[in-house]
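In what follows, a structure is listed as structure tokens, so that the remarks can point back to it.
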Amino acid sequence: GGGSGMSEIVSESQMLTRYVEAVVTRSRLIAAIASYDSIGESIDMERPQDCRKLVRHMVAQAMKELEEQVEEQAEEQEGRRGQTQIATERGEIERGETERIRELLRARARAVVVQFHREGTREGSKREGGAEGGGGG
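In this text, residue positions in the sequence shown follow my numbering: the first is 5, and each later residue adds one.
Below, the structure written as structure tokens:
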């Protein structure tokens, strides 16, 4: 849901939203499930607490990544101006507004989990190889 009279702040929140969408992906979810598998914890998508576990895992990963990325980019491009996105992301983190980012990440992670679950149940036992590569960079 989005409120109407919010067109002025769109740019900043759009940037964050785009970032969140890029970070919390299906392949990230598969990686999260795999990491639980590797410690012998099987994840059952039917169980709400397992879904919450996955969401938390993805959010933690994304936050860690964001903070590392922001630091790296800031170091790399210290001399350059006009890096609004980096400034915004860095500002978000430094102002302690990580809560807002976390909220966005949580919502996105939940959506990804739900969608993945739906697709998984629809396909049933017909399992296809997950060779869906995520871009590196």
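Glycine included, every Cβ here is placed at the ideal spot set by N, Cα and C.
Notebook entry, point to check: When the distance is taken between beta carbons, is residue 110 closer than 8 angstroms to residue 74?
Noted result: In the sequence shown, residue 74 corresponds to position 70, counting from 1. In the sequence shown, residue 110 corresponds to position 106, counting from 1. Not in contact: residue 74 and residue 110 (Cβ atoms no closer than 8 angstroms).
Next item on the list: Assuming residue 118 and residue 33 form a contact by the criterion Cβ under 8 angstroms, report the distance between their Cβ atoms to the nearest whole angstrom.
Entry: Here residue 118 refers to the residue found at position 114 when the sequence shown is read from its first residue. Here residue 33 refers to the residue found at position 29 when the sequence shown is read from its first residue. 11 angstroms between Cβ atoms; not a contact.
Item checked: Contact the stretch 24-41 vs the stretch 50-66: 3+ CB pairs below 8 angstroms -> yes
Notebook entry, point to check: Would you report the Cα separation of residue 123 and residue 49, rounded to the nearest angstrom?
Noted result: To locate residue 123, count along the sequence shown from 1; it is residue 119. To locate residue 49, count along the sequence shown from 1; it is residue 45. Near 12 angstroms, if we compare the C-alpha coordinates of residue 49 and residue 123.
Check: By how many angstroms is the C-alpha of residue 36 removed from the C-alpha of residue 62?
Finding: In the sequence shown, residue 62 corresponds to position 58, counting from 1. In the sequence shown, residue 36 corresponds to position 32, counting from 1. Those two C-alpha atoms are separated by around 7 angstroms.
Checklist line | Same chain, Cβ closer than 7 angstroms to residue 55, neighbours up to 5 away in sequence not counted | finding: Within the sequence shown, residue 55 is the residue found at index 51, counting from 1. The residues are 49, 117.
Next item on the list: Please name the residue in 121, 120, 93, 98 whose C-alpha comes closest to that of residue 21.
Entry: Taking the first residue of the sequence shown as position 1, residue 21 is located at position 17. It is 93 whose Cα lies nearest to the Cα of residue 21.
Margin query: For a test of the three-state rule: what should DSSP assign to residue 47, helix, strand or coil?
Written below: The residue given as residue 47 occupies position 43 in the sequence shown. Residue state, collapsed to three classes: coil.
Notebook entry, point to check: What is the DSSP secondary structure of residue 21, counted as helix, strand or coil?
Noted result: Mapped onto the sequence shown, residue 21 falls at position 17. Residue 21: helix per DSSP, three-state reduction.
Note to self: Only counting the same chain, and skipping five residues up and downstream in sequence, which positions put a Cβ closer than 8 angstroms to that of residue 106?
What the structure shows: For the purposes of this step, residue 106 is identified with residue 102 of the sequence shown, where counting begins at 1. Hits under 8 angstroms: 63, 67.
Next item on the list: Would you kindly work out how many angstroms separate the C-alpha atoms of residue 47 and residue 104, rounded to a whole number?
Entry: Here residue 47 corresponds to residue number 43 of the sequence shown, with the count starting at 1. Here residue 104 corresponds to residue number 100 of the sequence shown, with the count starting at 1. Spanning the two alpha carbons is a distance of roughly 28 angstroms.
Check: Is residue 82 helix, strand or coil by DSSP?
Finding: In the sequence shown, residue 82 corresponds to position 78, counting from 1. Correct three-state label for residue 82: coil.
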